[in-house]
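2 protein chains.
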Amino acid sequence: MTTFTFDKLVIFGVGLIGGSLARALRERSGAARGSRIVGVGRTRASAERARELGVVDDIASLDDDTELAAALAGADLVLVAAPVAQTQPLLARIAPFLEARTIVTDAGSTKSDVVAAARAALGERVSQFVPGHPIAGRESSGVEAALPDLYVGRNVVLCPLPENRPEDVARIDALWRAGGALVSTMSHEQHDRVFAAVSHLPHLLSFALVERILSAPDAALKFSFAAGGFRDFTRIAASSPEMWRDVCLANRDALVEELDGYTAVLAMLRAAIVAGDGAALEAVFARSREARTQWQERGGRASGHLAPK
Amino acid sequence: MTTFTFDKLVIFGVGLIGGSLARALRERSGAARGSRIVGVGRTRASAERARELGVVDDIASLDDDTELAAALAGADLVLVAAPVAQTQPLLARIAPFLEARTIVTDAGSTKSDVVAAARAALGERVSQFVPGHPIAGRESSGVEAALPDLYVGRNVVLCPLPENRPEDVARIDALWRAGGALVSTMSHEQHDRVFAAVSHLPHLLSFALVERILSAPDAALKFSFAAGGFRDFTRIAASSPEMWRDVCLANRDALVEELDGYTAVLAMLRAAIVAGDGAALEAVFARSREARTQWQERGGRASGHLAPK
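Going down the list, the protein sequences come from chains Y and F.
Just so you know, the first sequence maps onto residues 1 to 309 in our numbering.
Just so you know, the second sequence maps onto residues 1 to 309 in our numbering.
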């Protein structure tokens with residue numbers, strides 16, 4: 001149904017995220033017919049695997065001015081799909097070769113820091129940058145793990161800047177919808193508050209539980225009796241330490257606010273336990289159970305009140 | 001391989017836990033050949049379903065002195081499989097009919113409170129009570145959910161009292177092993193510290209996260225973008241509010257100590273985030289990931305250092 005087409009898409013970082021969008025465009029939607037997809041890596045070798053797998057048509061090295069200029073020449077779309085901490089140096093590296101017609105987007109899981117990085121790296125040309133965040137992933141990473149249907153039915157959040165042209169935002173919206181995603185927009189501040197609450201804080205809490213158990217003299221005994229509840233609760237504590245370090249620092253303000261609010265809930269529950277106030281505990285537990293059950297029954301994601309565009 | 005046999009087992013509360021042990025003894029091990037299993041409910045009707053399903057041979061009502069006396073006459077084993085808050089009234093009700101030869105055990109998920117309840121209800125005859133905790137469950141409850149293999153390969157913790165006769169502890173150990181379980185022993189204080197850390201605290205934290213999100217004005221927006229990490233982290237927030245209220249109050253001291261230790265870890269992580277100390281965050285996250293991964297690789301439960309008896 002999509003009529004989305006493009007001339008040339010340049011992907012910086014052809015791993016799971018960038019590679020899956022490339023595969024979706026080529027294999028699912030036909031959007032890439034007659035188009036070129038270029039993969040750029042830190043070296044040519046790091047992008048070579050993506051070309052071998054047929055995920056991209058051409059490759060270039062970030063370190064080579066000539067290759068980088070050739071990669072960006074005539075590009076209508078650029079996707080930065082690298083760890084958020086690399087956004088500013090990457091955009092600064094791209095800036096001298098960026099044509100006025102090119103729209104740049106990213107896939108970072110935090111947005112306020114990415115906006116600040118884009119302003120610092122691009123100056124007035126930040127108008128060409130439409131911040132984005134696909135809510136999708138797999139346990140495995142790298143271009144070998146890329147899937148053409150990774151984004152099907154998943155949320156992508158765009159956080160348009162006041163400087164963005166509406167038609168540029170619409171192009172990035174169409175790009176992700178061509179990949180099968182449901183696209184929503186919100187401010188970068190709201191994005192970061194939402195994901196601090198439903199993603200970043202849970203990861204921090206999960207890591208913290210394992211750390212707490214590890215700190216006990218009888219840690220081995222405790223682990224040996226951990227069962228299903230522990231398994232579910234701590235599954236996300238097996239996530240990448242580097243990525244979550246970066247996310248915690250990149251989304252510092254919203255995460256600390258969320259953590260403080262959470263700590264206040266714990267203090268309230270502690271007081272109820274100490275006071276033997278079973279009614280207060282049961283009220284909280286019942287309310288949480290009801291909300292969690294409803295969320296699960298809705299299919300565990302967006303429904304209705306925030307209509308996908 | 002088991003040579004465990006018994007004359008008469010009386011189960012107070014023939015639901016998932018008690019019903020599964022009865023089915024295991026009858027259907028798995030042959031231990032029930034020539035034996036009687038009696039189910040006791042609050043009324044005769046509540047136990048009737050267990051007899052219809054062939055899980056027990058006879059039933060009795062807790063409210064009827066004559067039936068209760070007949071049920072306990074000649075019993076060598078009694079299992080109390082009711083919510084922990086009912087332990088004391090149940091044992092007080094049983095006490096007048098308890099023969100000197102009968103060994104009583106329970107299946108409560110907290111132990112210090114159960115020991116206190118047993119001392120209060122049984123007095124000197126607490127020597128006949130061997131506290132126990134099978135670490136097994138299902139999402140569904142009731143005797144219809146009972147399974148003959150619910151305990152196969154699962155941990156059962158016994159918390160023997162100084163007053164217990166070693167041969168009585170050995171009988172309860174053999175009872176659970178006849179059901180397929182791995183049996184360990186520890187003090188009731190240690191049991192409650194271990195399960196506060198690996199089960200009770202995670203449940204509290206999971207309920208608290210949903211409560212925190214619910215308290216936000218944009219709760220609906222947040223839920224709509226919650227994804228896999230949230231799903232795993234909050235699965236246990238769909239647990240029974242009544243049960244977890246009782247567990248939190250029954251294991252108050254150990255849980256508050258564990259919660260305070262956990263809150264201290266959160267404060268340390270908060271300080272690292274505010275200070276921008278990425279190295280400190282990464283060190284905690286990497287240590288947690290390593291421990292969580294090793295736990296998973298060991299099969300997610302007991303291994304080696306605490307040899308099952």
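A virtual CB, placed ideally from N, CA and C, is assigned to each residue, including glycine.
From a predicted model like this one, the values you see are computed outputs, not experimental measurements.
Between W295(F) and F223(Y), the C-beta gap is smaller than 8 Å, which places the two residues in contact. Listed along chain Y is no residue with a C-beta nearer than 7 Å to that of V84(F); the closest approach is about 13 Å. It is roughly 11 Å from the alpha-carbon of G228(F) to the alpha-carbon of R154(Y). Taking 8 Å as the CB threshold, P96(F) stays off the interface with chain Y. It is roughly 26 Å from the alpha-carbon of L62(F) to the alpha-carbon of A136(F). Closest in alpha carbon position to A226(Y), among G18(F), S46(F), V157(F) and A208(F), is V157(F). When Cβ-Cβ separations below 8 Å define contact, L204(Y) makes contact with chain F. Between R23(F) and A146(F), the CB-CB gap stays under 8 Å. For P134(Y), the enclosing beta strand (DSSP E) covers residues G132 to P134. By the C-beta density criterion, V14(F) is buried, having at least 16 other C-beta atoms within 10 angstroms. Taking a contact to require three or more Cβ pairs closer than 8 Å, the stretch 270-282 of chain Y and the stretch 203-221 of chain Y do not qualify as touching. Excluding sequence positions up to five before and after V104(Y), its CB lies within less than 6 Å of the CB of V78, Q128 and F129, all in the same chain and listed in chain order.
The Cβ atoms of C159(Y) and H191(Y) sit closer than 8 Å to each other. Here DSSP, grouped into helix, strand and coil, assigns R36(F) to strand.
Taking one beta carbon from each stretch, the stretch 163-174 of chain Y and the stretch 244-253 of chain F have fewer than 3 pairs nearer than 8 Å; the two do not touch. The three-state reading of DSSP puts G41(Y) in strand, counting E and B together. What W244(F) touches in chain Y, judged by beta-carbon distance under 7 Å, is F285, going in chain order. Within chain F, the residues whose beta carbon sits less than 9 Å from that of C248(Y) are L269, A272, I273, G278, L281 and F285, listed in sequence order. Taking the C-beta atoms as reference points, V265(F) is found no nearer than 8 Å to R44(Y). Counting only the Cα atoms, A279(Y) lies some 46 Å from P131(Y). A buried status is given to G18(F), since no fewer than 16 other beta-carbon atoms sit within 10 Å of its beta-carbon. Of all residues in the stretch 167-189 of chain Y, none has a C-beta nearer than 7 Å to a C-beta of chain F. At a cut-off of 3 residues, not a single continuous stretch assigned as beta strand (DSSP E) sits fully inside the stretch 240-296 of chain Y. Think of a sphere of 7 Å around the beta carbon of K222(F): the chain Y residues whose beta carbon falls inside it are V194, A197 and V198, in chain order. L161(Y) sits in coil when the DSSP states are folded into three classes, being neither helix nor strand.
Straight across, the Cα-Cα distance linking R193(Y) with E258(Y) is about 8 Å. Here T185(F) is bridged, per DSSP, to L158(F).
The C-beta of D232(F) comes closer than 8 Å to at least one C-beta of chain Y.
Look at V169(F) here: in three-state DSSP terms it is helix. Think of a sphere of 8 Å around the beta carbon of I236(Y): the chain F residues whose beta carbon falls inside it are G229, D232 and F233, in chain order.
In the three-state DSSP reduction, S20(F) falls in the helix class (H, G or I). The C-beta of L255(F) comes closer than 8 Å to at least one C-beta of chain Y. Close partners of P241(F) in chain Y (Cβ separation under 7 Å): E282, F285, A286 and R289. For the pair of segments examined, the stretch 102-117 of chain Y was found to touch the stretch 232-251 of chain Y: the number of CB pairs separated by less than 8 Å reaches three. A238(F): not part of any beta strand (DSSP E); DSSP gives it neither H nor E.
Runs of the beta strand (DSSP E) lying entirely within the stretch 85-127 of chain F and spanning at least 3 residues, in chain order: 103-106.
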